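Q: Take a look at the following structure, please.
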Amino acid sequence: VTQEPDLQRMEEDRMTRALEQAPAVAVPADFAARLMVAAAASNRGSVAWEMAEWIALAQLGGIALWRGLAWRRA
Amino acid sequence: VEEPVSPVAAAAGDTRFAALVEEHAPMVFRTLLRLLGTREGLDDLAQDCFLRLYRALPAFRGEALVSTYLYRIVVNVAQDELRRRHREERPLTSLADEAEDWGDRLRHPSRNAEEQLLEREFAEGVERALAQLSAVQRAVLVLYHQEERSYEQIAAVLGMPIGTVRTHLHRGRVRLRELIGTGSGKTGSGRREAAL
């Protein structure tokens, strides 16, 4: 009477074991080194973008100031 | 989270980031591989995961949070990649096709060849079935069984209630069993099946 539930339980165990088995995969030896270079490049990109934003803001501020002074003179 | 990192914070975080890469790279690779079912582009995707973490790193204070966030990134990157491949209608190469690696995954290498073959075929069937589950069911099953994450951690990673995680886990296993269509079994004891 209990054979069928036992078999079902064994199948569940078998499936669980298969799920627990992580695939074999090796991290490439140079992965960390390549990643740090990419991260540094990404960071440089961010810095360059921030600088570009500040330059653009400064230019807009300058234009606004110049227009404001010109309007007052007029 | 994707805000640019200031140069000072980035410089200060480089050492910490390098340590995180060292510690978590194996997890990122194996989880991506299991979620995607193919080694194609794995390096680039793993790098993408860590770069996303790198940009977000200055906002983190606790290691547990970084770990949870990294799992979330991995799941998101895998799902984005699967959607991209689906759009391009590129069939995935099954992990099961990479026969040489499966020898390493057999738990009992000393068993006779027939038993090993049966186990390997079963494991291949599980991988094929896993690839047919919904993305969220697959993520829950992989995080729970392979990565041994708790319900709470999975809920945090996937941004869903714990009850929903349990439901996905249960339904995912039921669906997996249906897809595998198991007919004969071998004795053994799974680690976490009692919790289900």
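For the protein sequence lines, the chains are H and Z, in the order given.
Here the first sequence is numbered in the working numbering, starting from 221 and rising by one per residue.
Here the second sequence is numbered in the working numbering, starting from 29 and rising by one per residue.
Beta carbons are placed, not taken as given, at the ideal position from N, Cα and C, and that holds for glycine.
As the structure is a computational prediction, the values presented were derived from the model and not from experiment.
Could you pull the start and end residues of the alpha helix (DSSP H) that T195 of chain Z belongs to?
A: Unbroken alpha helix (DSSP H) run through T195 of chain Z: I190 to I208.
Q: Determine which residues of the segment 225-244 of chain H have a Cβ less than 7 Å from any Cβ of chain Z, and write them out in chain order.
A: Cβ contacts with chain Z come from L227, M230, E231, E232, D233, R234, M235, T236, R237, A238, L239, E240, Q241, A242, P243 and A244.
Q: Where do the N-terminal and C-terminal ends of the alpha helix (DSSP H) with E142 of chain Z fall, by residue?
A: Note, E142 of chain Z: alpha helix (DSSP H), A141 to Q160.
Q: Which residues in chain H sit within 8 Å of I208 of chain Z, going by Cβ to Cβ distance?
A: M235
Q: I need the DSSP call for V257 of chain H, collapsed to helix, strand or coil.
A: helix
Q: Less than 8 Å between C-beta atoms, sequence neighbours within five positions excluded: which residues of the same chain meet that for W291 of chain H?
A: Taking W291 of chain H as the centre and dropping the five residues before and after it, the same chain places no C-beta closer than 8 Å to its C-beta.
Q: Using a Cβ-Cβ cut-off of 7 Å (strictly less than) and excluding sequence neighbours within five positions of V170 of chain Z, which residues of its own chain qualify?
A: Exclusion of the five residues before and after V170 of chain Z leaves T59, R62 and L63 as the residues of its chain whose Cβ lies within less than 7 Å of its Cβ.
Q: In chain H, which residues lie less than 8 Å from F78 of chain Z when you measure between Cβ atoms?
A: L255 and A259
Q: Kindly list, in the order they appear in chain Z, the residues whose Cβ is closer than 8 Å to that of A252 of chain H.
A: A46, V49, E50 and A53
Q: Suppose contacts are defined by Cβ-Cβ distances below 8 Å. Is M230 of chain H in contact with L204 of chain Z by that definition?
A: Contact: no.
Q: Looking at the secondary structure, which residues open and close the alpha helix (DSSP H) in which F78 of chain Z lies?
A: L70 to A84
Q: Between A46 of chain Z and A252 of chain H, which are expected to be in contact by the criterion C-beta below 8 Å, what is the C-beta distance as a whole number of angstroms?
A: At roughly 7 Å, the Cβ-Cβ gap stays under 8 Å, so A46 of chain Z and A252 of chain H are in contact.
Q: Compare the C-beta of E30 of chain Z with all C-beta atoms of chain H and state if any pair is closer than 8 Å.
A: Low confidence applies here, because E30 of chain Z scores a pLDDT of 41, under 50, leaving its location unreliable and the question unanswered by this model.
Q: Does DSSP put D226 of chain H in a helix, a strand or coil?
A: helix
Q: Compare the C-beta of H173 of chain Z with all C-beta atoms of chain H and state if any pair is closer than 8 Å.
A: Yes - at least one Cβ of chain H is within 8 Å of the one on H173 of chain Z.
Q: How far does the alpha helix (DSSP H) with E180 of chain Z in it extend, from its first residue to its last?
A: Y179 to L186
Q: Can you check whether the CB of Y179 of chain Z is closer than 8 Å to the CB of I190 of chain Z?
A: For I190 of chain Z and Y179 of chain Z, yes; Cβs fall inside 8 Å.
Q: Under 8 Å: do the segment 104-112 of chain Z and the segment 275-288 of chain H share three or more Cβ pairs, one atom per stretch?
A: No: fewer than three Cβ pairs fall under 8 Å.
Q: Report the option in H:P225, H:S262, H:V245 and H:A294 whose CA atom is closest to the CA atom of D42 of chain Z.
A: H:S262
Q: For the structure I just gave you, are there three or more beta carbon pairs, one from the segment 141-149 of chain Z and one from the segment 182-189 of chain Z, closer than 8 Å?
A: no
Q: Are there 16 or more other CB atoms within 10 angstroms of the CB of S162 of chain Z, so buried, or fewer, so exposed?
A: By the 16-neighbour rule on beta-carbons within 10 angstroms, S162 of chain Z is exposed.
Q: Give me the Cα-Cα distance between A74 of chain Z and P248 of chain H, rounded to the nearest whole angstrom.
A: 11 Å
Q: Which residues of the segment 141-159 of chain Z have a Cβ closer than 7 Å to any Cβ of chain H? Give them in chain order.
A: Within the segment 141-159 of chain Z, the qualifying residues are F150, A151 and V154.
Q: Leaving out five residues on either side along the sequence, give the residues of the same chain with a beta carbon under 7 Å from the beta carbon of W274 of chain H.
A: Result list for W274 of chain H: empty, nothing under 7 Å.
Q: Is there at least one Cβ from chain H nearer than 8 Å to F57 of chain Z's Cβ?
A: It does; some Cβ of chain H falls within 8 Å.
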